[in-house]
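Have a look at the structure below before the remarks.
There are 2 protein chains.
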Amino acid sequence: MEKAKIEFIPGGIVTSPQGFCAGATYAGIKKRARYNLDLGILFSEEPCVAAAMFTTNKVKSAPVMLNQERLKTGRAVALIANSGCANSSTGEPGLADAAEMAALAAQAIGAEPEDVLVASTGVIGQPLPMPLIREAVRHIALSEEGGHDFARAIMTTDTVPKEAAVAVSIGDTKFTIGGVAKGSGMIHPNLATMFSFLTTDAVVELQFLRSALHQAVGISFNMVSVDGDTSPSDIVLLMANGRAKNPPISAGSLLAGIFQQALNQICIHLAKAIARDGEGATKLIEVTISGAVSLDDARLAARTVVTSPLVKTAVHGADPNWGRILVAVGRSGADMEQSKVDLYIGDINVLKGGRPQQYSEDSVVQVFSQKEVPIRVDLNLGSASATAWGCDLSKEYVTINSQYMT
Amino acid sequence: MEKAKIEFIPGGIVTSPQGFCAGATYAGIKKRARYNLDLGILFSEEPCVAAAMFTTNKVKSAPVMLNQERLKTGRAVALIANSGCANSSTGEPGLADAAEMAALAAQAIGAEPEDVLVASTGVIGQPLPMPLIREAVRHIALSEEGGHDFARAIMTTDTVPKEAAVAVSIGDTKFTIGGVAKGSGMIHPNLATMFSFLTTDAVVELQFLRSALHQAVGISFNMVSVDGDTSPSDIVLLMANGRAKNPPISAGSLLAGIFQQALNQICIHLAKAIARDGEGATKLIEVTISGAVSLDDARLAARTVVTSPLVKTAVHGADPNWGRILVAVGRSGADMEQSKVDLYIGDINVLKGGRPQQYSEDSVVQVFSQKEVPIRVDLNLGSASATAWGCDLSKEYVTINSQYMT
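Protein chains in written order, with the working numbering: chain A, 1 to 406; chain B, 407 to 812.
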């Protein structure tokens, strides 16, 4: 088989794959919009096969409920998204508003309303300002470069837009996967207040598209935590419009492996970007658990460590208090025997077989002072491993979240 | 049956019950000891029936392992406790140090070493400074008033000592229950870096003592969260020396109900004191979940709300963002139907049957500005209810925990 190549495209965006365009405008839904954008449309020139994953929170926003219904067909052509209002806990009127948002977008782009999906993020329990949206939709200009504006329109407390695209080539076959994401509080495993919208021009069969997305999310967005909270609004969406005219990708087909690999890479890239830009974050924390009895255990332990406020504050202050990492694993529920555990901060082995080792405290302070802090725990019980990403906990997180509405 | 009376004793302490004495000194284990005390002994003049509950963390400190072994007999006469070093993740040498601490206390008070328990709290992964402890034990003077000093010796980041005693009388029978506790970070359901040592002069049969403690902890210390982290060191201990010479209390006996009630009250009192004095806390948050399908669900949902960083920061900033409470319940795992939920902030009904109600935002701000913030969620699904206590999340929490060691 020919050599496959997966490359990140410099400046790649959600509209990098062929046949996708996007645009955004300021409707006035969000009061302090960093880029003066709060409403956007992502659109494919051709109908897409589409798969999505949604929040596992039992409180679900109106857009999530609408999309869950619509995506049963596995078909979509566009998405309209806003920041500033989550349209969640808004009852029946909220559902009607979500449907109207989709209809407004459908009208603007000449599509069927039921092929348009909706995403809203922001304050919970307040109605969408529909008059503003009705007016603003008309001012959205769609273009192949519009992915940039779209990425900015969905930001809430994010400080940077999160976008990427990978180019895949294998022999004569070439296709592209693009993506955009937003964080950055209420981020927790099993989705959170996060969106990620992914696009590809590859020809992909629906069942495989769904399973590939499921697998990629499992090792990327589901392994990110900012604060342990999840939201009613979370959506990861993958739309494939087939423009690349490659041999159709399905389970077991020649291209399935390379597609999965490329999708994993872009999802991990965006997931790390969310963690790195967590509310108030100054550092990215990467926790790898190895030697676990099961994959579930490894994931659970890794996620518990990146969620621990005590680990997060220690890393923030570069306080070499590694015992907190150990006890976070201890309370995670994962199988562990404390007399078998090895712990590494960066490359420094601070604990081996449950006993503290000789090491320089300054060297741990140094690792905790880096912009990326790698932590590794070997449970020495089995062969499963997993990696999770999080961020430090700073005073800025408290400031942001104690003044979100006021 | 005669009327029973349970009254909190003004200035009540752990040595309020007859036959208990205590004392403390400064050994130099803790560098910045608020009251210049870091080592204490609690002692009963007569042998006690004793029951305890320990951390559920799989990482357990040496003292916890020692106590678990010793309390199989259900017998104890004293406890030696220190702050500044947890003697956790210290391997075999740590176990030997814990045993030596007990032996030193036994020698000082003239007891059998195996009847002495040990409790250590502080940094993990560092050995106890045994020479300091050997020297200091001799300087501990025991007295009936010593409970005050003992309460101060076990404090870490606590800002106030936590002590109480209740006097119980029913007809001619009178007995007392005293208690002391320490928080104040790493506090989470199923115990945490917390100690509570409870004493009583009542005559109590061992099996009932164990079950009574289990029940009381279930609705008190296990319903408190400061930050979601748990520690390897947590201990709740109840010692009964029988001095009151009441008819023995056992399951189903006349006095069982009143003893349980009194024990519940003192445990809830101390648990709330821990939450109120959480690291950096400025407010006590009390969350009651009613209408749950099961008690487990009610407890899970209540604990999830008091643990949520987004709820905690909103309360801290008096930001009326009640949607965060709702979605914390939504992610808790408890059964819920969003269209049935009622939510009250203090007495203000902000959500009914899943729909936002008419209310003044200022009134929510006012409740969130109180020193005690009551929140009530009625799931309207069943008849189980539970209450949990937590605190707000402030910048001070971040400051404390990013500089714990340094």
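Glycine residues also receive a C-beta, built at the ideal position from the N, C-alpha and C atoms.
Please read these numbers as outputs of a predicted model, since none were measured by experiment.
A Cβ-Cβ separation of about 6 Å places B/Ser800 in contact with B/Thr688 under the 8 Å criterion.
Near chain A, meaning a CB-to-CB distance below 8 Å, no residue of the stretch 472–484 of chain B qualifies.
At a beta-carbon threshold of 9 Å, none of the residues of chain B lie near A/Gly382; the nearest stands roughly 15 Å away. Contact between B/Thr599 and B/Thr527 holds, since their C-beta atoms are separated by about 6 Å, short of 8 Å. Between B/Val804 and A/Asp319, the alpha-carbon positions lie close to 12 Å from each other. Runs of beta strand (DSSP E) with 3 or more residues, each lying fully within the stretch 654–714 of chain B, are found at 690–698, listed in chain order. Interface with chain A (8 Å Cβ-Cβ cutoff): B/Asp748 is excluded.
Taking one beta carbon from each stretch, the stretch 28–45 of chain A and the stretch 145–155 of chain A have 3 or more pairs nearer than 8 Å; the two touch.
Between B/Thr793 and B/Thr694, the gap from beta carbon to beta carbon is short of 8 Å. Residue pairing by DSSP puts A/Asp378 in a beta bridge opposite A/Ser290 and A/Asp342. CA-CA distance, A/Glu46 to A/Ala240, rounds to 9 Å. Proximity of chain B to A/Met53 at the Cβ level (cut-off 9 Å) is not reached, the minimal Cβ distance being about 15 Å. DSSP places A/Ser211 in no beta strand (DSSP E) but in the uninterrupted alpha helix (DSSP H) bounded by Leu206 to Ile219.
Using a CB distance cut-off of 8 Å, B/Leu732 counts as an interface residue toward chain A. At a cut-off of 8 Å between beta-carbon atoms, A/Trp389 makes no contact with chain B. Where A/Leu326 is concerned, the enclosing alpha helix (DSSP H) starts and stops at Gly323 to Arg331.
With 16 or more neighbouring CB atoms inside 10 Å of its own CB, B/Asn488 falls in the buried class.
With respect to the 8 Å criterion, B/Val465 and A/Gly353 are not classified as neighbours on the basis of their beta carbons.
Within the DSSP secondary-structure output, A/Thr387 pairs in a beta bridge with A/Thr288. Around the Cβ of A/Pro247, a 10 Å sphere holds fewer than 16 other Cβ atoms; the residue is exposed. Membership of A/Asn67 in the alpha helix (DSSP H) is indicated by the continuous run Ala62 to Arg70. Between B/Asp768 and B/Val721, the gap from beta carbon to beta carbon reaches 8 Å or more. Residue range Lys395 to Ser402 is occupied by the alpha helix (DSSP H) that includes A/Ser402. Segment contact: the stretch 569–583 of chain B against the stretch 650–670 of chain B, three or more CB-CB distances shorter than 8 Å; contact assigned. Under the 8 Å criterion on CB atoms, A/Leu142 is classed as non-interfacial with respect to chain B. Within its own chain, the residues whose Cβ lies closer than 6 Å to the Cβ of A/Gln338, once the five positions on either side in sequence are excluded, are Gly354, listed in chain order. The criterion of a C-beta distance shorter than 8 Å is satisfied by B/Arg616 and B/Ala457. When B/Ala511, B/Thr606, B/Ala622 and B/Ala681 are compared, the shortest CA-CA separation from B/Thr563 is found for B/Ala681.
Taking the Cβ atoms as the reference, B/Ala677 lies roughly 6 Å from B/Trp795, within the contact range of under 8 Å. For B/Gly589, no chain A residue has a C-beta closer than 7 Å to its own C-beta; the minimum C-beta separation is roughly 13 Å.
Distance from the CA atom of B/Ile674 to the CA atom of B/Val529, rounded to whole angstroms, is 27 Å. When rounded, the separation of the alpha-carbon atoms in B/Val609 and B/Ala502 is 33 Å.
Sequence-ordered contacts of the stretch 750–772 of chain B with chain A read Leu757, Gly760, Arg761 and Pro762 [C-beta pairs closer than 7 Å].
Listed by position along chain A, the residues whose Cβ is nearer than 7 Å to that of B/Leu799 are Val398. Only exposed fits A/Pro10, as fewer than 16 other CB atoms lie within 10 angstroms of its CB. The continuous beta strand (DSSP E) containing A/Val180 extends over residues Thr173 to Lys182.
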